[in-house]
Amino acid sequence: MSARGKARRRALDILFEAEARGEDPLRVLTERLERKEPPVNEYTATLVEGVCRHRARIDELITTYAEGWTLDRMPAVDRNLLRGGTYELLWMPDVPEGVVISEWVGLASELSTDESPQFVNGLLARFKQLKPSLAL
């Protein structure tokens, strides 16, 4: 797994853990940075901070385009996969869109339900298609 792939996985871990504990992801990130175990690199911090900064808009987009699904009905891991992937896809123009989608779909394959990779792929691909017209 590439360094950015590991960073995405750690960002997902932090977002998921924060939600499970009912805490602010930035607080969990700070704890992880201070503890240094497991190590948290700069890209992980960038992803978590970006999701937090744009969370309202990210959740609005997911809610709008996830046909037949509400955020509450999604598995928690899928919610956080989509948050991380949406942030990276829409607010990090230096990362190739295909790589972003592939990496987050790969995490869905590894960590979530059998249906999750297709769901995550479909929604992120839709955001890629709509990106020029989305007000960010």
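Residue 1 is where the sequence shown starts when you use full-length UniProt numbering, and the numbers rise one by one after that. Glycine included, every Cβ here is placed at the ideal spot set by N, Cα and C. Quick caveat, the model's predicted, so the values are computed rather than measured.
Environment of residue i [buried if 16+ CB atoms lie within 10 Å]
{"i": "Glu-23", "result": "exposed"}
{"i": "Arg-27", "result": "exposed"}
{"i": "Met-1", "result": "exposed"}
{"i": "Leu-136", "result": "exposed"}
{"i": "Glu-88", "result": "buried"}
{"i": "Thr-44", "result": "buried"}
{"i": "Pro-132", "result": "exposed"}
{"i": "residue 141", "result": "Residue 141 cannot be examined here, being either before or after the span of the chain that is shown, 1 to 136."}
{"i": "Ala-20", "result": "exposed"}
{"i": "Leu-90", "result": "buried"}
Rounded distance between the beta-carbons of residue j and residue i, thought under 8 Å
{"i": "Ile-58", "j": "Val-51", "result": "7 Å"}
Neighbourhood of residue i by C-beta distance below 7 Å, restricted to the same chain and skipping five residues each side
{"i": "Val-120", "result": "Asp-78, Leu-81, Leu-82, Gly-85, Trp-104, Val-105 and Ala-108"}
{"i": "Pro-117", "result": "Val-105, Ala-108 and Ser-109"}
{"i": "Arg-32", "result": "Ile-14 and Val-40"}
{"i": "Arg-9", "result": "Leu-107"}
{"i": "Arg-4", "result": "Tyr-43"}
{"i": "Thr-113", "result": "Pro-75"}
Limits of the alpha helix (DSSP H) - the one that residue i falls within
{"i": "Thr-64", "result": "55-65"}
{"i": "Lys-128", "result": "116-130"}
{"i": "Asn-41", "result": "Taken as a continuous stretch (DSSP letters only), Asn-41 belongs to no alpha helix (DSSP H), as it is neither H nor E."}
{"i": "Pro-25", "result": "25-35"}
{"i": "Thr-86", "result": "76-91"}
{"i": "Ser-109", "result": "97-111"}
Sequence-distant residues of the same chain with beta carbon closer than 6 Å to residue i, five excluded per side
{"i": "Glu-48", "result": "Checking the sequence, you will find Val at residue 48 rather than Glu. If we look at Val-48 and ignore the five residues flanking it on each side, its Cβ neighbours are Ala-11, Ile-14, Pro-25 and Leu-29."}
{"i": "Arg-55", "result": "none"}
Spatial neighbours of residue i in its chain, beta-carbon cut-off 8 Å, leaving aside the 5 residues before and after
{"i": "Ala-125", "result": "Ile-101"}
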